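Undergrad: Attaching a single structure in structure tokens format; questions to follow.
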Amino acid sequence: MTLWLMAGLLFTPLAWAVLTLLLDFSKGRVVTWLGILVQVLVSLGLWAAVASDGGFLYLLGGWQAPLGIELRVDGLAVTFVLLTALVAAACGWHASIYLDPGKPWHRYFWPLFWFLWAGLNAVWLGGDLFNLYVGLELISLAAVGLVALGGQADALRAAIRYLMAALLGSLAYLLGVALIYGQFGTLSLAGVTELMNSGDVQSGLTFPLILMLLGLALKTALFPMHGWLPPAHGIARSPVSALLSALVVKASFYIAARLWLDLGGHLGGYVLAQLIGVLGSLAVIWGSWLAFRQVKLKQVVAYSSVAQIGYLFLLFPLTWGVTEAISQQAQQGITLQVVSHALAKAAMFLAAGNLIMSVGSNRVDALAGVSRFLPFSLFSFGLAGVSLMGLPPTGGFAAKWLLLQASLASGQWWWLGVLLAGGLLSAAYVFRVYRASFIEATDTDQFYHPSRSLEVIPMILALLSLGLGLVAEPVLSVMSLPFEGAGP
Amino acid sequence: MNLSVLMPVFALMTSLVASVVLFALPERGFRLRTTINLVAAILKIALVGMMIWGVAQGREYEAAFTMVPGVEFVLRADALSMLFAGLSALLWLLTTIYAVGYLEDSPNRSRFFGFFSLCVASTMGIALAGNLFTFFLFYEMLTLSTYPLVVHRGTTKALRAGRNYIIYTLTGGAVLLFAIAWLHGLVGDLRFQEGGYFSDIAPSMQGPLTIIFVLMIVGLGVKAALVPFHGWLPQAMVAPAPVSALLHAVAVVKAGAFGIIRVVFEIYGLEAAKDMGLLAGLSVVAAFTIIYGSTRALYQVDLKRRLAFSTVSQVSYIVLGLCLFGPVGVAGGLVHLVHQGIMKITLFFCAGNYAETLGVHRIDELDGAGKRMPGTSVAFTLGAFGMIGAPPLAGFITKWTMGSGALAVGMDWVVAVLVISSLLNAAYFLPILHRLWFAEQCEPWPHERRWGRLETSAWLLWPPLITAALMLVAGLIANLPFSPLSWAELIVAREVAL
Chain R
1 MTLWLMAGLL FTPLAWAVLT LLLDFSKGRV VTWLGILVQV LVSLGLWAAV
51 ASDGGFLYLL GGWQAPLGIE LRVDGLAVTF VLLTALVAAA CGWHASIYLD
101 PGKPWHRYFW PLFWFLWAGL NAVWLGGDLF NLYVGLELIS LAAVGLVALG
151 GQADALRAAI RYLMAALLGS LAYLLGVALI YGQFGTLSLA GVTELMNSGD
201 VQSGLTFPLI LMLLGLALKT ALFPMHGWLP PAHGIARSPV SALLSALVVK
251 ASFYIAARLW LDLGGHLGGY VLAQLIGVLG SLAVIWGSWL AFRQVKLKQV
301 VAYSSVAQIG YLFLLFPLTW GVTEAISQQA QQGITLQVVS HALAKAAMFL
351 AAGNLIMSVG SNRVDALAGV SRFLPFSLFS FGLAGVSLMG LPPTGGFAAK
401 WLLLQASLAS GQWWWLGVLL AGGLLSAAYV FRVYRASFIE ATDTDQFYHP
451 SRSLEVIPMI LALLSLGLGL VAEPVLSVMS LPFEGAGP
Chain B
489 MNLSVLMPVF ALMTSLVASV VLFALPERGF RLRTTINLVA AILKIALVGM
539 MIWGVAQGRE YEAAFTMVPG VEFVLRADAL SMLFAGLSAL LWLLTTIYAV
589 GYLEDSPNRS RFFGFFSLCV ASTMGIALAG NLFTFFLFYE MLTLSTYPLV
639 VHRGTTKALR AGRNYIIYTL TGGAVLLFAI AWLHGLVGDL RFQEGGYFSD
689 IAPSMQGPLT IIFVLMIVGL GVKAALVPFH GWLPQAMVAP APVSALLHAV
739 AVVKAGAFGI IRVVFEIYGL EAAKDMGLLA GLSVVAAFTI IYGSTRALYQ
789 VDLKRRLAFS TVSQVSYIVL GLCLFGPVGV AGGLVHLVHQ GIMKITLFFC
839 AGNYAETLGV HRIDELDGAG KRMPGTSVAF TLGAFGMIGA PPLAGFITKW
889 TMGSGALAVG MDWVVAVLVI SSLLNAAYFL PILHRLWFAE QCEPWPHERR
939 WGRLETSAWL LWPPLITAAL MLVAGLIANL PFSPLSWAEL IVAREVAL
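The following block contains the structure:
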């Protein structure tokens, strides 16, 4: 049963991608709605299966890697599968109303959307290094295509830049994979870990690990390799930006985190872990500051992603050389941060899209008076902002709390400053948007009202991000389920 | 599930649900909006009243669940929380009535009342929070829900005030979070408990605990407007009058003061805080704030700004009271939480009435206003005398209790502070009263409006009259059960084993 669910999660999106490729935009929309329904149900089913029975490791077709596809699902993977289903469903719904069927390029939205979803699921469920690479490439190419969908010259320029960064990152990762295969003769992450644990530790593996982490960090837009992200996320259509920020950058981070947690203890070092943490901290500070300085609304949100992703890299210092309990706490904190940022940032991009649509300009200072006209979307934006600021009772707060506790418990008190300053800086850019919208300057406003559903979608996402903090405990208890059962 | 467990949840929900409904209402639904506001406010008073009755019988209401591993969300009604909850519930009703009249024809009323209810929900949450973590949750929610109220008018001045407010309060919140996280790491659970956690502490803990205490006072002191963290308060005066009234009497400054009470009583414990020498430092800060605020108030020409600096001064009475190491003095500080609220809200209602009815904002424009608006002016006069500490008004009870408490424990210098502060209060309130009643009006009112036969709209007139009467009652019945003073004594008897 679980197997069928897992296979469904990978192959249905691929089938739908091909199907929608053949259809025009509006027919593709109807087909997609059906597909989203199936995917959400399957994701929920898998989640329920794991929540009740625990995780699985499965060799597709009975072949071992590198020939077969090794799938594994544990609490973490299934959490991301479900998150992807939620966010993708919301973005797909939003896009089906938001995108203009008349634009020639827009019919490619659906195939790319489905390829992206397939790639994401492949990464969450992938158990071996090579298939993770395949998933990652699928995601990158679909994402680049989605950015280019805008069609104007600057969208294409941003897409090319994105493509370059993504390819460079993938190549670095692939090189690392090749080196590991040469050393161990296996690509299964579980297999490599087992060989490492069995005692004959090869010392030459630090280099491949660093190489892979470097490539993945580039794809996750870790400071100072973040230059490609804001133009790409800022220029894309709003539902696309939401998908990219919420899910795509998380995929490469997910792989980096799995590598680190499985192999980092053997191959990493204190200096490497701290260095990555410092880069993450700089991303928080610098990204927030740049977000505060942006003239365009979507650039504010895009730079905010650079900052918020910075927090994730605190995983590295907070799990290296600490007790199991602290490491667990840090992992929970980071996972909550990924999930709550995904929900909040998707909400924020969609709400920003509505606001831009309403005032007809993408500048922050054009928002004057919109608090009267579009309070609902502005409120969604604000609620998402509360989560990004890490104020209670949001998921962002629960994440921050766990990270604060992990930093204190491990004696790495210096990260506290980053966590608190980051919260205040994000308040600065969120309130800047609010401030602009509260100005009562003009007497006659020319606002366009987006449809109700466009306004409801970001609100749902923002409320989910808010409520995550309240139900953090049950969610975390599923997240931390390990995978068990048949190994290679 | 037992219904009494849910009482605090219901009390919180009345305003939370009201706020959601109010946001969704169309701008024009005046009648419906007013009805919802009033029904929710009355319902809350009823719920809080029932809980006060129960707590007096020795019952406790508590609802709790785990949010993040190791962190609980706890709502609880005990004697201390009822002091604040009772005050907020009562004054919310009056402020709502006032706000309905005040905002009669202004734009964005849905937004205003939505955030207004959210603000009261946060205050209620602060009152009912059963541990530091829950307290922090609502403390930050209060910050966020008051911002839209401060900038409500959307003018450049309002936006600037709002920005300063946010910078001060969010920074304070971050400092507080830092302290809470640290303390949580040291102690584990941070449930409020009578007598606190540190009755016997190892000498090695002294250092960290002192730093944490200072950080907490900084974080809470921003809202309680302790000098030097008071800068946002006078600026926030640009907010509409009902908001100022709420900010100064119930919500924001009291949230800070209440937090300090909780930390001193139920985290550190009065005894331990004194032994560590923490209260001595705090009392100096509070005394300085009392004198400083009053002195600055003397020099203000704007009525609301004078009242604002007066708040800076008066709120620190509460903090100073905590530092008087004796049951009488502590009760004096606690009761001032209620007394100051009633007195200050009266004064702000009146200031709002002068501004709305006559267009008067500056003190020198008030000449002869007593004849034009006798009801408002009587309320204002009572409020002013209460602040000065004239018997038998509420303010007198505070000062008398605090003074005798200070003498009982040999802290004579506190009496000097109280006397100086009262003289300063007289110095900045009496000239206003003189202008109101004895000066002749020499130029027309800047912007006069007429409401039928009454001096101003009935919505605006009744709330200050009621609060002025309450102030008198609180003073007269101070020795009867369920008066604020007896309630404060009840708290002291339960909390502090001296």
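From first to last, the protein sequence lines stand for chains R and B. For what it's worth, our numbering labels the leading residue of the first sequence as 1, then goes sequentially. For what it's worth, our numbering labels the leading residue of the second sequence as 489, then goes sequentially. Cβ coordinates follow ideal geometry from the N, Cα and C atoms, glycine included. Please read these numbers as outputs of a predicted model, since none were measured by experiment.
1. Please list, in chain order, the residues of the region 413–440 of chain R that have any C-beta partner in chain B closer than 7 Å.
2. Given a cut-off of 8 Å, decide if Leu912 (chain B) and Ser782 (chain B) are closer than it, judged by their beta-carbon atoms.
3. Which value, in whole angstroms, describes the spacing of the CA atoms of Gln328 (chain R) and Ala368 (chain R)?
4. Can you give me, in chain order, the residues of the region 542–563 of chain B that have a beta carbon less than 7 Å from any beta carbon in chain R?
5. Considering only C-alpha positions, which residue in the set B:Glu548, B:Val536, B:Thr502 and B:Thr522 is nearest to Val493 (chain B)?
6. Quick check on this structure: which residue in B:Leu895, B:Ala894, B:Arg516 and B:Gln802 has the alpha carbon closest to the alpha carbon of Glu592 (chain B)?
7. Any Cβ of chain R within less than 8 Å of the Cβ of Ser971 (chain B)?
8. Just list the alpha helix (DSSP H) runs in the region 542–600 of chain B, keeping only unbroken ones of 4 residues or longer that don't cross its boundaries, in chain order.
9. If you measure between the beta carbons of Ala528 (chain B) and Ala506 (chain B), is that distance less than 8 Å?
10. Based on the DSSP output, what are the partners of Trp126 (chain R) in its beta bridges?
11. Starting from the C-beta of Tyr805 (chain B), find all residues in its chain whose C-beta is less than 6 Å away, skip the five residues before and the five after it, and write them out in chain order.
12. Can you name, in chain order, every residue of its own chain whose Cβ lies under 8 Å from the Cβ of Met539 (chain B), other than the five neighbours on each side?
13. Between the alpha carbons of Met479 (chain R) and Ala77 (chain R), how many angstroms are there, rounded?
14. Using a Cβ-Cβ cutoff of less than 8 Å, which residues in the same chain neighbour Phe746 (chain B) once the five nearest sequence positions on both sides are dropped?
15. Cβ atoms of Ile97 (chain R) and Ser377 (chain R): under 8 Å apart, would you say?
16. Ignore the nearest five residues each way along the sequence and tell me which others in Leu3 (chain R)'s own chain have a CB closer than 7 Å to its CB.
17. From this set, R:Trp289, R:Phe313, R:Leu312 and R:Leu314, which residue's C-alpha is nearest Ala302 (chain R)'s C-alpha?
18. Looking only at its chain, what residues have a beta carbon closer than 6 Å to the beta carbon of Lys250 (chain R), apart from the 5 residues adjacent to it on each side?
19. Using a Cβ-Cβ cut-off of less than 8 Å, list which residues of the region 571–595 of chain B approach chain R; keep chain order.
20. Pick out whichever of R:Ala399, R:Gly135, R:Gly353 and R:Tyr254 has its Cα sitting closest to the Cα of Gly467 (chain R).
21. Name, please, each residue of chain B whose Cβ falls closer than 8 Å to the Cβ of Ala409 (chain R).
22. Quick check: the Cα distance between Tyr270 (chain R) and Ala649 (chain B), rounded to an integer number of angstroms?
23. Any beta carbon of chain B sitting closer than 8 Å to that of Ala65 (chain R)?
24. Give me the DSSP bridge partner(s) of Asn619 (chain B).
25. Using three-state DSSP, classify Leu57 (chain R) as helix, strand or coil.
26. Closest to Leu671 (chain B) by CA distance: which of R:Arg107, R:Leu408, R:Leu383 and R:Leu116 is it?
27. Is the region 88–95 of chain R touching the region 233–245 of chain R in the sense that three or more CB pairs, one from each, lie closer than 8 Å?
28. Leu579 (chain B) and Val738 (chain B) look like a contact to me (Cβ under 8 Å); what is the Cβ gap, rounded to whole Å?
29. Spell out whether any CB of chain B is found under 8 Å from the CB atom of Val359 (chain R).
30. Starting from the beta carbon of Gly642 (chain B), find every residue of chain R whose beta carbon is closer than 7 Å, and list them in chain order.
31. What do you get for Gly417 (chain R), buried or exposed, if any count of 16 or more other CB atoms within 10 angstroms of its CB means buried?
32. Distance, Cα to Cα, Thr611 (chain B) vs Ser576 (chain B)?
33. Compare the C-beta of Thr659 (chain B) with all C-beta atoms of chain R and state if any pair is closer than 8 Å.
34. Classify Ile699 (chain B): buried if its beta carbon has 16 or more other beta carbons within 10 angstroms, exposed otherwise.
35. Return the first residue and the last residue of the alpha helix (DSSP H) that Asn967 (chain B) is part of.
36. Going by the CB atoms, is the gap between Ser598 (chain B) and Phe511 (chain B) shorter than 8 Å?
TA: Considering the structure as presented:
1. Leu416, Leu420, Gly423, Leu424, Ala427, Phe431, Arg435, Phe438, Ile439 and Glu440
2. yes
3. 45 Å
4. Thr554, Met555, Val556, Pro557 and Val559
5. B:Glu548
6. B:Arg516
7. no
8. 567–590
9. yes
10. For the sequence presented, residue 126 (chain R) should be read as Gly rather than Trp. Its beta-bridge partners are R:Leu71.
11. His824
12. Met495, Pro496, Ala499, Tyr549, Ala565, Met570 and Ala573
13. 8 Å
14. Phe572, Ile614, Ala615 and Leu825
15. no
16. Tyr58
17. R:Trp289
18. Val338
19. Pro595
20. R:Ala399
21. Gly673
22. 46 Å
23. Any reading at Ala65 (chain R) needs caution, since the residue's pLDDT is 49, under 50, leaving its predicted position unreliable; the model's value is listed next. It does not: the Cβ of Ala65 (chain R) has no partner Cβ on chain B nearer than 8 Å.
24. B:Arg679
25. strand
26. R:Leu408
27. yes
28. 5 Å
29. no
30. Phe438, Ile439 and Glu440
31. exposed
32. 7 Å
33. yes
34. exposed
35. Unbroken run through Asn967 (chain B): none, as it is neither H nor E.
36. yes
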